[in-house]
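Beneath this line is the structure, given in structure tokens, with notes to follow.
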């Protein structure tokens, strides 16, 4: 069945370091792709999305590009902040969402 | 942005009892609500989709008689775990969507941690 695979965490970085969280998806159909973020004690929030191949989603300095040829949707940020510490979920789908296992990011000053 | 609340945020119950979890959309009317289950270090697994006023659609492998879902209004859906057992212990998350179409964004609640002793 359809699935999403993302790198295990935790990812530990110093402030202002570069971030990449890998995400790959099964290529059945033409799904939309999403990154959600969950801050401690809060619900998942949509961070960014892309609906078709080569689309780039961006928000709050985060970016991800829908790569059909590699079935990937890696999350990137050039300079992370302590406030970016959270769990990040990659997801695919349109009507129903299929999530990856989540990657915890810890940013230290 | 749209806010979804869940109540309770955590609950401990004894084996054999039933537990009800509420999911509310606070500032919008949700045509569709979803219930997910999350095990430690695993992804969110969709349990069921409910549309206001109609029966929920359960995912394969989810026991509809054990996980009763009611979506009686456009702002409230409830999940009742009946005759709970320790293996039902998990983190339950709901989401709500303004429209029936997948083009609408899902807004997530903060989750409810259920522990069955």
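Protein chains in written order, with my numbering: chain A, 18 to 126; chain B, 26 to 142.
For every residue, glycine included, the Cβ atom is placed at its ideal position computed from N, Cα and C.
Taking 8 Å as the threshold, the shortest C-beta distance from residue 36(B) to chain A does not fall below it.
For residue 90(A), no CB of chain B lies under 8 Å from its own CB, so it is not counted at the interface with that chain.
For residue 93(A), the three-state secondary structure derived from DSSP is strand.
The Cβ-Cβ distance between residue 125(A) and residue 116(A) does not fall below 8 Å. For the segment 101–117 of chain A, the set of positions with a beta-carbon nearer than 8 Å to some beta-carbon of chain B reads 106, 110, 111, 112, 113, 114, 115, 116, 117 in chain order. Excluding the 5 residues flanking it on each side, residue 80(A) has same chain C-beta neighbours closer than 8 Å at 65, 73, 74, 92, 93, 94, in chain order.
Taking C-beta atoms as the reference points, residue 93(B) and residue 107(B) count as a pair closer than 8 Å.
For residue 86(A), no beta strand (DSSP E) segment is defined, and its DSSP state is neither H nor E. Runs of the beta strand (DSSP E) spanning 3 or more residues and lying entirely within the segment 33–61 of chain B occur at 35–38, 44–50, in chain order.
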